[in-house]
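S.K.: Mapping of the sequence shown onto numbering that gives the first Met the number 0: position 57 corresponds to residue 56, and the numbering continues sequentially without gaps.
Glycine included, every Cβ here is placed at the ideal spot set by N, Cα and C.
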Amino acid sequence: MYVGIFPDKKSLAEAAAHHLTQVITESTHKVIGVATGSSPLPLYEELRRMHRDGEFTLRGVRAFALDEYIGIDDDHPERYRNVLRTELVGEDKTGLREEDLMTPDGSAPNAVEAARIYDQHIRDAGGITIQLLGIGSDGHIGFNEPAGSLASRTHVEILTQKTREDNARFFEDDIDKVPTRCITQGLGTIMEAHETMLIATGEKKADAIRELVEGAVSAKWPATILQMHPNTRIYIDEVAASKLELADFYRARWEQRHEA
Ligand code: GLP
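1) Give the straight-line distance between the Cα atoms of E77 and A107, rounded to the nearest whole angstrom.
2) When the Cα atoms are used, what is the spatial distance from R260 to A15?
3) How big is the Cα-Cα spacing for T102 and T56?
4) Check whether the Cβ atoms of T128 and K29 lie closer than 8 Å to each other.
5) Just the residues with CB closer than 6 Å to a heavy atom of the ligand GLP, in chain order, which are they?
6) May I ask which residues mark the beginning and end of the alpha helix (DSSP H) holding A215?
7) Nearest to G126 by alpha carbon, out of R48, Q226, R163 and T27?
8) Measure the C-alpha to C-alpha separation of D7 and D236 and round it to an integer number of angstroms.
9) What do you get for F248, buried or exposed, if any count of 16 or more other CB atoms within 10 angstroms of its CB means buried?
10) If you follow the beta strand (DSSP E) that H154 is part of, which residue opens it and which one closes it?
11) What is the DSSP secondary structure of A259, reduced to helix, strand or coil?
12) Which runs of the alpha helix (DSSP H) at least 4 residues long sit entirely within the region 70-156? Give them in chain order.
13) Considering only DSSP beta bridges, list what M196 is partnered with.
14) When you compare only the Cα positions, how much space is there between L158 and H75?
15) Since I believe A222 is in contact with G138 (beta carbons under 8 Å), could you give me their beta-carbon distance rounded to a whole number of angstroms?
16) Along the alpha helix (DSSP H) that carries D165, what are the first and last residues, could you check?
17) On a CA-only basis, which of G141, F169, D165 and A215 is nearest Q184? Give me that one, please.
18) Using only alpha-carbon positions, find the residue among P39, R48, G3 and E54 that is nearest to T24.
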């Protein structure tokens, strides 16, 4: 695990975008996993700039979302398909084509079956080359909440009270408007990505980052499963890194990392 610690969101986003675009450019298997939440937004902004300036395009790249709410209106701006459309889809954004954006079907009559089908779609696509991740303050990745299976496939999950409180800011600060269920890639699904990169900034993430990097692998903090992934990078700011005991060592290792 490489841990990069950055002074601000902009330098973090630029470094993350540089790596992501390099991996996709060099790979013959152009499939990315995309995350929602506020953490990846500066990275998406940088991808739009790169597309505008002709440095990189997501045209021809397939993108699989991590998760989707169940029971959210099709046209709701916080439906993750709509969030990703707004951020990434179109020649005026990153060049990603609508038909290349895959999201779990949160309005399917049978959500369990929709989850199974989504997992199969990822397999049929030959897997994900690089999976982008955020992290919840309770340590979830995707929407894999504490004490689920560390080997889960894409599945239906219910959200913790903490996650619904955290996400209320996207729903007019009204927790009752936050959906209670979702479909999420499982931890086992995420772990099959060839490479993963996780972005976290701010004080609210400091505990989860401490557990992720230095805690024991445990279903209580789902993100800790990434310690078992052979090719993971963590992009964090100084505040999110503030509870790490060995931060100086991680900085040194980051500087001396060898590129795959
Ligand atoms: C949601 C998403 C996660 C995301 C998390 C953190 O719960 N399902 O994928 O990592 O929020 O969000 P933020 O980056 O806004 O803190």
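M.R.: Quick look at the numbers:
1) 17 Å
2) The question about residue 260 has no answer here: the residues shown for the chain are numbered 0 through 259.
3) 20 Å
4) yes
5) A34, T35, G36, S37, S38, L65, D66, G133, I134, G135, G141, F142, T162 and N166
6) Here A215 belongs to no alpha helix (DSSP H), and DSSP marks it neither H nor E.
7) T27
8) 6 Å
9) exposed
10) H154 to I157
11) With a pLDDT of only 47 at A259, under 50, the local geometry of the prediction cannot be trusted, and the value read off the model is given with reservation. Three-state result, A259: coil.
12) 79-87 and 110-123
13) L131 and R232
14) 19 Å
15) 5 Å
16) Q160 to N166
17) G141
18) E54
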